[in-house]
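Counting from 1, position 70 in the sequence shown corresponds to residue 70 in the UniProt record's numbering; the numbering is continuous, with no gaps.
Each residue gets a CB set at the ideal place from its N, CA and C atoms; glycine is no exception.
Notes follow the structure.
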Amino acid sequence: MVQLGFLKNVPVFIGLPEEKLKKIQEIITEEQYAASEIIIKDGDHGETMYILLDGEVSISKKLTLLPSDDEHDVKDKVLIKLSARHYAIFGEMALFEEKSERSATVGALTHCKVGTINRADFLQLVEKDSELGAITFKNIAIILSERLKKANKDIVKLTTALSLALG
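Here it is as structure tokens:
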């Protein structure tokens, strides 16, 4: 079972009192992944958010927009590496929509232990406890906002580089 001391530091759950963290703790299941194993594949559909409890993962994106039958033609670009010591989460967009399309591939760099939260279990919990829902959804909105700002900065950098290269 995921320790409450760990959960209180996970960005999605910051600000939740202990009794609400216990409710979250009850809906988390744990999974193990070997080094180099894929946890989430870009383009797949899922309904699970992941909390990295132990280990390190990489988040990568395909470097092509063209469909290809040959998987060897597709190269992945590692966008970021996450570590459990930073209380990392991924797949959180799956909590917002049914069968959410995964936007990147997440692979285990080391042996990993993750906590998983299923969308249906989470929504059932927040329907019963509106304060828990308000706090967690606010925290997720902050996380997504920060990621969007970073993505926008990256787009400007890439557009500028492309303009200079073609210029």
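### Message
Please return the same chain residues whose Cβ sits closer than 6 angstroms to the Cβ of Ala104, not counting the five positions on each side in sequence.
### Response
Looking up residue 104 in the sequence shown gives position 104. Contacts found: Asp42, Ile59, Lys61.
If you run the structure through DSSP and keep just helix, strand and coil, what is Thr110?
-> By one-based count along the sequence shown, residue 110 stands at place 110. In this structure, Thr110 counts as coil in the three-state DSSP scheme.
Open item on the list: Excluding the 5 residues flanking His144 on each side, which residues of the same chain have their C-beta closer than 8 angstroms to its C-beta?
Closed with: Stepping through the sequence shown from its first residue, residue 144 is reached at position 144. With the sequence shown as reference, residue 144 is identified as Leu, and His is not the correct amino acid for it. Excluding sequence neighbours, Leu144 sits near Glu92, Met93.
message: Tell me the DSSP secondary structure of Asp76 in three-state form.
response: As a working mapping, residue 76 is identified with position 76 in the sequence shown. Asp76 falls in the strand class under three-state DSSP.
Q. Per DSSP, what kind of secondary structure is Ser163 in: helix, strand or coil?
A. On the sequence shown, residue 163 is found 163 positions in, with the first residue counted as 1. Residue state, collapsed to three classes: helix.
- Where does Phe122 sit, in a helix, a strand or coil, going by DSSP? Position 122 of the sequence shown, counting from 1, holds the residue named residue 122. Of the three classes helix, strand and coil, the one that applies to Phe122 here is helix, per DSSP.
By the three-class DSSP mapping on this structure, what secondary structure does Ile142 have?
Taking the sequence shown and counting its residues from 1, the one referred to as residue 142 is at position 142. Helix.
So, is Ile39 buried or exposed, given that buried needs 16 or more other C-beta atoms within 10 angstroms? By one-based count along the sequence shown, residue 39 stands at place 39. Counting Cβ neighbours within 10 Å, Ile39 comes out buried, since at least 16 surround it.
Quick one: Cα of Gly133 to Cα of Leu162, how far?
Here residue 133 refers to the residue found at position 133 of the sequence shown. Here residue 162 refers to the residue found at position 162 of the sequence shown. The straight-line gap from Cα to Cα measures roughly 42 angstroms.
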